[in-house]
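Visitor: Please see the structure below; I have some questions.
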Amino acid sequence: MQVRFKLLKGSHAGKEVKLPAPKCLIGRNDDCHLKPQSEAVSRRHCVILTTDSEVIVRDLNSRNGTYVNGEKISGDTVLLNGDTVKVGPLEFEMMIEHTAARIKRPKVSDIKEAATRMVQTNASASSQDLSDVTAWLDEADVKARTETRQFRVDDTATGTIADVMGEAGAAQVKAEASRETAEVKVDESKRSDKKPPGKLPPRQAEKAKDSREAASDMLKKLFNRR
13 MQVRFKLLKG
23 SHAGKEVKLP
33 APKCLIGRND
43 DCHLKPQSEA
53 VSRRHCVILT
63 TDSEVIVRDL
73 NSRNGTYVNG
83 EKISGDTVLL
93 NGDTVKVGPL
103 EFEMMIEHTA
113 ARIKRPKVSD
123 IKEAATRMVQ
133 TNASASSQDL
143 SDVTAWLDEA
153 DVKARTETRQ
163 FRVDDTATGT
173 IADVMGEAGA
183 AQVKAEASRE
193 TAEVKVDESK
203 RSDKKPPGKL
213 PPRQAEKAKD
223 SREAASDMLK
233 KLFNRR
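Numbering-wise (our numbering), the sequence shown opens with residue 13 and increments by one.
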């Protein structure tokens, strides 16, 4: 049985890598075969087991869980060709080929045949070292984190602009209210400065009339005394 996985994220998406061991550990520990350094991946996250008849993935009580075709697994889960496996931010597609039992080859007769077999073995194995595969996985994780960070920065900037606009609007309303209050005070001060209307001076005719009456009264008093 030949088991490979195809990367689904990052600039190396589409790359196919042969499973490095029948018991392939995925996690951040040094004893793991695939070591993505994302914080979302546990030290011993999951293991993919290959037997003669099936391929199984088992979650190792990871913090964020292991997903197959978008569903979180519990216990052993049989993987089929085309299934997608998600470990933290990393996602890959399983490529499983069932092959017939190996036929034992005859012994090598010369150096030329040995070289030919070596080329064939290298061609059937993974074309990249595990260190390269780990670098690809890390690159995919970095890209995912960058996109998330950019999304958060955009949200923060939008919120900041909204806050500034809100503060500017509040300041404008406050300034307009202060200006209206000042105008009202000025109007009131102008009104208080005005003098109350004065009384009109008495008419000359009334003064003359009063004088004549007073003179007449004086004359009457003089005559009465005599």
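Backbone N, C-alpha and C fix where the C-beta goes; we use that ideal spot for every residue, glycine too.
For clarity, every value in this text was computed on a predicted model and none was experimentally measured.
Do you know how far the Cα of T96 is from the Cα of S65?
Guide: 19 Å
Visitor: Excluding sequence positions up to five away, which residues of its chain have a Cβ less than 6 Å from the Cβ of L61?
Guide: K35, I68
Visitor: For the 8 Å Cβ check, are there 3 or more pairs between the region 43–52 and the region 96–109?
Guide: yes
Visitor: Using a threshold of 9 Å, state whether the C-beta atoms of C21 and E103 are closer than that.
Guide: The residue you asked about is not Cys; residue 21 is Lys in the sequence shown. Inclusion of K21 and E103 in the CB contact set at 9 Å is warranted, their separation being smaller than that value.
Visitor: With 16 as the cutoff for other CB atoms within 10 Å, does M106 come out buried or exposed?
Guide: In the assembly as shown, M106 is a buried residue. Its beta-carbon has 16 or more other beta-carbons within 10 Å.
Visitor: Here's a check: name, in chain order, each residue in its chain whose Cβ is nearer than 7 Å to the Cβ of A169, leaving out the five neighbours to either side.
Guide: Residue placement at A169 is flagged as unreliable, the pLDDT there being 49, under the threshold of 50; the coordinate-derived value follows with that caveat. Once the five neighbours on either side are set aside, A169 has no close Cβ partner at all.
Visitor: Where do the N-terminal and C-terminal ends of the beta strand (DSSP E) with R55 fall, by residue?
Guide: Counting along the chain, R55 sits inside no beta strand (DSSP E), nor does DSSP assign it H or E at all.
Visitor: Name the residue from E109, V59, R55, R16 whose alpha carbon lies nearest to the alpha carbon of L37.
Guide: Closest option to L37, judged by alpha-carbon separation, among E109, V59, R55, R16: V59.
Visitor: I need the DSSP call for R40, collapsed to helix, strand or coil.
Guide: When DSSP states are grouped into helix, strand and coil, R40 belongs to the coil group.
Visitor: Should G82 go down as buried or exposed, given a rule of 16 or more other Cβ atoms within 10 Å for buried?
Guide: exposed
Visitor: Along the beta strand (DSSP E) that carries K71, what are the first and last residues, could you check?
Guide: One point to set straight first is that residue 71 is Asp, not Lys, in the sequence displayed. From DSSP, the beta strand (DSSP E) with D71 extends over 67–71.
Visitor: What does the alpha-carbon distance come out to for the pair D222 and K233?
Guide: Note on geometry: alpha-carbon atoms of D222 and K233 lie some 17 Å from one another.
Visitor: Over the uninterrupted beta strand (DSSP E) stretch that includes Q14, give me the two end residues.
Guide: Taken as a continuous stretch (DSSP letters only), the beta strand (DSSP E) holding Q14 covers 14–19.
Visitor: I'd like to know whether the C-beta atoms of S54 and R70 end up nearer to each other than 9 Å.
Guide: Cβ atoms of S54 and R70: not closer than 9 Å.
Visitor: Whole angstroms is fine: what's the gap from E28's alpha carbon to D42's?
Guide: 23 Å
Visitor: Which residues in the same chain as D88 place their Cβ atom closer than 6 Å to its Cβ, once the five residues preceding and following it in sequence are excluded?
Guide: I68, R70
Visitor: Within 10 angstroms of the Cβ of H241, are there 16 or more other Cβ atoms? Answer buried if so, exposed if not.
Guide: For the chain, the structure presents residues 13 to 238; residue 241 sits outside this window and is missing.
Visitor: Quick one: what's got a C-beta closer than 7 Å to A25's C-beta in the same chain, skipping five residues either side?
Guide: Excluding the 5 residues flanking it on each side, A25 has same chain C-beta neighbours closer than 7 Å at L19, in chain order.
Visitor: Here's the rule: buried if 16 or more other CB atoms are within 10 angstroms of the residue's CB, otherwise exposed. What is T63?
Guide: Classification for T63: exposed.
Visitor: Can you give me the Cβ contacts of R191 inside the same chain, cut-off strictly under 7 Å, excluding the 5 residues immediately before and after it?
Guide: The beta carbon of R191 sits closer than 7 Å to no other beta carbon from its chain once the five residues preceding and following it are set aside.
Visitor: Nearest CA to the CA of K84: which residue from R16, N93, S74?
Guide: S74
Visitor: Can you give me the Cβ contacts of L91 inside the same chain, cut-off strictly under 6 Å, excluding the 5 residues immediately before and after it?
Guide: V67, V69, M106
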